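Engineer:
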Amino acid sequence: MTGDGASDHVVLPHGIRPSDGRFGSGPSRVRPEAVAALAGAADGYLGTSHRRPGVRQVVGRLRDGFRELFALPPDWEVVLGNGGATGLWDCLGFGLIRRRSQHLAFGEFSAKFARAVQTVPHLEAPQIIEAPFGTHPEPVPAEVDVYALTHNETSTGVQMPLRRPPGVGAADGLVAVDATSGAGGLRWDPAEVDVYYFSPQKCFAADGGLWVACCSPAALERISEIGDSGRWCPPSLSLPLAVKNSAANQTYNTPALATVFLTLETVEWMCANGGLEWAAGRCDASAETIYSWAEASDYAEPFVTDVAKRSHVVATIDVDADVADAGRIATELRTNGIVDTESYRALGRNQLRISLFPAIPPGDVAALCACIDHIVARL
Ligand SMILES: *Cc1c(COP(=O)(O)O)cnc(C)c1O
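Using our numbering, the first residue of the sequence shown is number 1174, and each one after it goes up by one.
Take a look at the structure:
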């Protein structure tokens, strides 16, 4: 307490605050430089046709930027559409899964995709492999044609290495990875993956509404095979239509032009600074900062016990309930302009969840730790 009678809240001294108070896991901090660039380009860009060269060039640069950032082999395609990762799940149910999929379910998002597939009438019930929150299962060779992995489970702060199931090639089963909160902050090898998809409001520090799917030749072949099979599909969920439009640097229907622009700003910022290795290195530095702070703290500890599974893009930190209520800490931070550190609701733990996305300077993560210490000492 400040004890000044004016407020019941802790007031953080200015000297210890982060440069920016946004620590949410999506929508996440947007770099002010990107917003300024959008404002600067607005006149000739916002409010113009997405079928004309001006916008299509931006979409083309974005597709090229992802190729460069992820070092995609030349025969991969970067496909875009509207509806975010959640919308793409429905597209995958219509246009990538032939008969049956396997899902690793280890948190809110990975379970949600599995549930979305469970009710698709033309598919068999998916195989769902679960693991307790705070860990992840491994894919297991099975009679399935898609293996659904999640690069980073945003709800629990668990990351997983992307590897094909042992002995399974793309011809036997495609590996489709929800990388919504991992893409741009975690390393991966395209040789181990067929579809790497995400929305841009997490590591790409843009706004939501768009999905991006990097597709291997095997994935593209599957998309056209199912497209030609006669299976009915609503046009807005059609992957063949998305592939066709993306090849022309368009989307099937109108995208949010500001989202496209902001995403490109981040991708080009990453590429100019050293690419994925640089961006992932920033996340590594932030992860090192927050986890070593929690381990040294006498009231905080990392929720994920296995160091290898601890996410370098979203940190979940348990708080000793005898010392402080995590919700109260988050509220005190919020009154000081430091927002979205609340834990994922459904997890139901005394926990803080803090994003470590590339747009957040590691120094700001260190400052946040100092702010939490300051608050806890005064509660
Ligand atoms: C945020 C998130 C989603 C949902 O993204 P939307 O753009 O809201 O559809 C899906 N999966 C993961 C892992 C996420 O972090």
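Note that CB positions come from ideal geometry on N, CA and C, so glycine has one too. Bear in mind that the values here come from a model prediction, so they are computed numbers and not experimental data.
#1: Any heavy atom of ligand 1 within a distance shorter than 6 Å of the CB on Phe1434?
#2: From which residue to which residue does the beta strand (DSSP E) around Asp1351 run?
#3: List in chain order: all unbroken beta strand (DSSP E) runs of 3+ residues lying wholly within the region 1311 to 1346.
#4: Quick one: complete beta strand (DSSP E) runs, 3+ long, within the region 1436 to 1493?
#5: For the pair the region 1304 to 1316 and the region 1242 to 1256, tell me if three or more CB-CB distances fall below 8 Å.
#6: Could you check where the alpha helix (DSSP H) with Ser1274 kicks off and where it finishes?
#7: Does Asn1446 pass the burial test, meaning 16 or more other C-beta atoms within 10 Å, or should it be called exposed?
#8: Please confirm whether any heavy atom of ligand 1 lies closer than 6 Å to the CB of Gly1257.
#9: If distances are taken between C-alpha atoms only, which option among Gly1448, Tyr1320 and Arg1202 comes closest to Leu1265?
#10: Return the CA-CA distance between Arg1551 and Ala1543, expressed in angstroms with no decimal places.
#11: Per DSSP, what kind of secondary structure is Arg1225 in: helix, strand or coil?
#12: Less than 6 Å separating the Cβ of Gly1254 from some heavy atom of ligand 1?
#13: Answer yes or no: the CB of Gly1381 versus the heavy atoms of ligand 1, is any distance below 6 Å?
#14: Indicate the three-state DSSP secondary structure (helix, strand or coil) for Pro1390 in the structure shown.
#15: Lys1482 and Val1313 look like a contact to me (Cβ under 8 Å); what is the Cβ gap, rounded to whole Å?
#16: Return yes when the Cβ of Thr1514 is within less than 7 Å of the Cβ of Ile1527, no when it is not.
#17: Between Ala1210, Glu1316 and Phe1282, which has its C-alpha nearest Glu1303's C-alpha?
#18: DSSP beta-bridge partners for Asn1166?
#19: Could you check if Arg1372 belongs to the surroundings of ligand 1, using beta carbon to heavy atom distance under 6 Å?
#20: For Pro1363, I'd like the list of residues in its chain whose CB is within less than 8 Å of its CB, leaving aside the five on either flank, ordered along the chain.
#21: Helix or strand or just coil, what does DSSP make of Val1203?
#22: What first and last residue would you give for the alpha helix (DSSP H) that runs through Phe1282?
#23: Express the C-alpha separation of Arg1229 and Ala1421 in angstroms, rounding to a whole number.
#24: Using CA coordinates, which residue listed in Ala1343, Arg1271, Lys1285 and Ala1458 is at the minimum distance from Trp1405?
#25: For Leu1185, which residues from the same chain have a beta carbon less than 7 Å from its beta carbon, with the 5 sequence-adjacent residues on both sides left out?
#26: Straight-line CA distance for Ile1511 to Ala1298?
#27: Which partner residues of Ser1528 appear in the DSSP bridge assignment?
#28: In the DSSP assignment, what residue or residues form a beta bridge with Asp1369?
#29: According to DSSP, what are the bridge partners of Glu1297?
#30: Under 6 Å from any heavy atom of ligand 1, does the C-beta of Asp1263 make it?
#31: Assess contact between the region 1220 to 1239 and the region 1332 to 1339, defined as three or more Cβ pairs (one per stretch) separated by less than 8 Å. Is contact present?
#32: What residue does the alpha helix (DSSP H) around Cys1542 start on, and which one ends it?
#33: Can you tell me the Cβ-Cβ gap for Ser1409 and Ser1198, rounded? I've got them flagged as a contact below 8 Å.
Structural biologist: Walking through what the data contain:
#1: no
#2: Leu1347 to Asp1351
#3: 1319 to 1323
#4: 1473 to 1475 and 1487 to 1492
#5: no
#6: Here Ser1274 belongs to no alpha helix (DSSP H); instead the beta strand (DSSP E) covers Ser1274 to Ala1278.
#7: exposed
#8: yes
#9: Tyr1320
#10: 13 Å
#11: coil
#12: no
#13: yes
#14: helix
#15: Going by Cβ atoms, the distance from Lys1482 to Val1313 rounds to 18 Å, so no, they are not a contact pair.
#16: yes
#17: Phe1282
#18: This structure leaves residue 1166 out entirely; the chain is present only between 1174 and 1552.
#19: Reading the sequence as shown, one finds Ser at residue 1372 and not Arg. Yes, Cβ of Ser1372 sits closer than 6 Å to a heavy atom of ligand 1.
#20: Phe1243, Ala1244, Leu1245, Pro1246, Trp1249, Tyr1369, Cys1387 and Ser1389
#21: coil
#22: Glu1281 to Gln1291
#23: 8 Å
#24: Arg1271
#25: Asn1509, Cys1544 and His1547
#26: 43 Å
#27: Val1487
#28: Before going further, note that residue 1369 is Tyr rather than Asp in the sequence given. Looking at the DSSP assignment, Tyr1369 forms a beta bridge with Val1350 and Cys1387.
#29: According to DSSP, Glu1297 bridges with nothing at all.
#30: no
#31: no
#32: Pro1535 to Arg1551
#33: Between Ser1198 and Ser1409 the Cβ distance is about 27 Å, and since that is not below 8 Å, they are no contact.
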